[in-house]
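Mapping of the sequence shown onto numbering that gives the first Met the number 0: position 141 corresponds to residue 140, and the numbering continues sequentially without gaps.
Positions of the beta carbon are idealized from the N, C-alpha and C atoms, including for glycine.
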Amino acid sequence: MAELKNMTVVTSGKLRKTAYDLLDANTNLLAWKESGRTPADVFDGWLAQADALYSIGNIKINGALLDKAPNLKVIAQASVGYDNIDVAECNARGIRVGNTPRVLSPAVADLAYGLIIDSARKIARGWQHVASGKWGERKGLGFGVDLAGKTLGIVGMGDIGSRVVKRALASDMRVIYHNRHRRSDDAALGAAYVSFEELLQTSDFVLVTVPLTKETEGMFGKKQFEAMKQGARFINIARGKIVDTEALYDALSSGHIAYAALDVTDPEPLPGTHKLLTLDNITVTPHIASSTVETRDAMAKLAAENILAGLNGEPMPAEVKA
Ligand code: DGY
0 MAELKNMTVV TSGKLRKTAY DLLDANTNLL AWKESGRTPA DVFDGWLAQA
50 DALYSIGNIK INGALLDKAP NLKVIAQASV GYDNIDVAEC NARGIRVGNT
100 PRVLSPAVAD LAYGLIIDSA RKIARGWQHV ASGKWGERKG LGFGVDLAGK
150 TLGIVGMGDI GSRVVKRALA SDMRVIYHNR HRRSDDAALG AAYVSFEELL
200 QTSDFVLVTV PLTKETEGMF GKKQFEAMKQ GARFINIARG KIVDTEALYD
250 ALSSGHIAYA ALDVTDPEPL PGTHKLLTLD NITVTPHIAS STVETRDAMA
300 KLAAENILAG LNGEPMPAEV KA
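Dropping the structure here:
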């Protein structure tokens with residue numbers, strides 16, 4: 000590896016040790032060591048000197064930010080989603096962008112499967128019931144439904160979606176999916192390709208795993224929820240903005256959608272006073288799909304490797320292009 004100690008890498012938040020050690024050993028790393036967030040003036044001062052930016056996904060990376068970083072060559076974000084980054088603007092300025100696909104897929108698929116089960120069996124609701132002293136009033140919780148024999152419709156069949164298929168098949172579900180392109184391995188995978196409309200009309204459980212793009216923003220609104228089966232369940236582990244929150248609220252309030260389990264929301268974070276949280280047919284987790292020790296370590300390492308490769312002018316292990 001070429002000498003990179005004269006290259007300055009700045010960070011938008013706390014780094015995990017796997018990334019910190021790699022970047023600190025090889026570059027001039029500027030990372031906030033005190034508690035709390037990096038103060039804005041300090042971060043702006045760092046950007047002015049930055050050759051690379053390590054993002055934890057907590058900032059909008061657009062022309063305004065790039066104007067503050069005239070020497071920037073590489074951005075690596077420790078997430079698979081990069082909807083907060085204007086990649087076209089970065090590429091137009093000669094800045095390479097990396098993300099962290101694949102390493103998080105098993106953890107995200109596990110959480111998706113967990114939310115599918117929760118939406119069927121009300122695990123989180125059951126805990127709430129017991130914790131509020133209502134064990135003896137189990138009837139108030141109502142029955143759940145079986146997964147076996149039900150149809151799971153997966154919207155977006157990438158690495159995460161295909162791992163959810165395996166988990167769903169273990170529960171004896173039938174799996175259908177919709178993607179921009181039909182996968183050539185879908186028969187081997189055990190999932191049948193259908194149109195978006197057919198998926199909505201025939202799924203008992205709809206799982207969203209598509210990235211947030213101009214095309215997918217607001218993909219689930221009033222019309223789509225109405226097209227879903229009466230009593231269907233809705234699970235989103237992708238991005239909150241793919242769903243019209245008002246429309247979801249209405250569909251859950253009327254009972255047309257029996258249950259929603261969401262790891263992502265719009266807005267995010269979801270305020271504790273938000274009306275979605277007044278419903279008793281919803282579970283919300285705070286965007287924790289990739290939050291395991293092993294996965295976050297692997298994501299951090301891959302993001303750091305993206306930076307080192309990018310600064311060296313080598314192929315990045317995971318580069319995204321506009
Ligand atoms: C990602 O990496 O985009 C996920 O949302 C993190 O959980």
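field: Beta-carbon gap between residue 110 and residue 287 smaller than 8 angstroms
entry: yes
message: If contacts are defined as beta-carbon pairs under 8 angstroms, then residue 75 and residue 306 qualify, I think. What distance do you get, rounded to the angstrom?
response: Correct: roughly 5 angstroms between the Cβ atoms.
- request: Find the nearest neighbour of residue 178 within the set 86, 153, 276, 61, judged by alpha-carbon distance.
  value: 153
message: Just to check my reading of the structure: residue 77 and residue 227 have Cβ atoms closer than 8 angstroms, yes? What is that Cβ distance to the nearest angstrom?
response: No, residue 77 and residue 227 are not in contact; Cβ-Cβ is about 34 angstroms, not under 8 angstroms.
task: Using alpha carbons as the reference points, say which of 199, 190, 129 lies closest to residue 157.
output: 190
message: Classify residue 11: buried if its beta carbon has 16 or more other beta carbons within 10 angstroms, exposed otherwise.
response: Looking at its Cβ environment, which holds 16 or more other Cβ atoms inside 10 Å, residue 11 is buried.
- prompt: Which residues mark the beginning and the end of the alpha helix (DSSP H) in which residue 324 is found?
  reply: Only positions 0 to 321 of the chain appear in this structure, which leaves residue 324 out of reach.
- prompt: Cβ of residue 43 less than 8 angstroms from any chain B Cβ?
  reply: Absent here is chain B; the protein component of the structure consists of one chain.
task: Report the option in 320, 293, 36 whose CA atom is closest to the CA atom of residue 102.
output: The shortest C-alpha separation from residue 102 is found at 293.
- request: Find the nearest neighbour of residue 98 within the set 217, 54, 242, 211, judged by alpha-carbon distance.
  value: 54
field: Cβ pair residue 251, residue 259 closer than 8 angstroms
entry: yes
Residue 142, DSSP secondary structure in three states: Looking at residue 142 - three-state DSSP - the assignment turns out to be coil, as it is neither helix nor strand.
- prompt: Hey, which unbroken runs of the alpha helix (DSSP H) at 4 residues or more fall wholly within the region 185–233?
  reply: 185–188, 195–201, 221–226
- request: Pull up the distance between the alpha-carbon of residue 149 and that of residue 122, whole angstroms please.
  value: In this structure, the alpha-carbon of residue 149 lies about 19 angstroms from that of residue 122.
task: Could you have a look at residue 237 and say whether DSSP puts it in helix, strand or coil?
output: coil
message: So if DSSP puts residue 124 in a beta bridge, which residue, or which two residues, is it bridged to?
response: Checking the DSSP bridge columns, you'll see residue 124 has no partner listed.
- prompt: Got a sec, what are the start and stop residues for the beta strand (DSSP E) residue 161 sits in?
  reply: That residue, residue 161, is in no beta strand (DSSP E); its alpha helix (DSSP H) goes 158–169.
task: Measure how close the beta-carbons of residue 100 and residue 79 come, nearest whole angstrom, since I'm counting them as under 8 angstroms.
output: 5 angstroms
- prompt: Going by Cα to Cα distance, which pick from 115, 249, 261, 201 is closest to residue 220?
  reply: 249
- prompt: Under the three-state reduction of DSSP, which class applies to residue 54: helix, strand or coil?
  reply: strand
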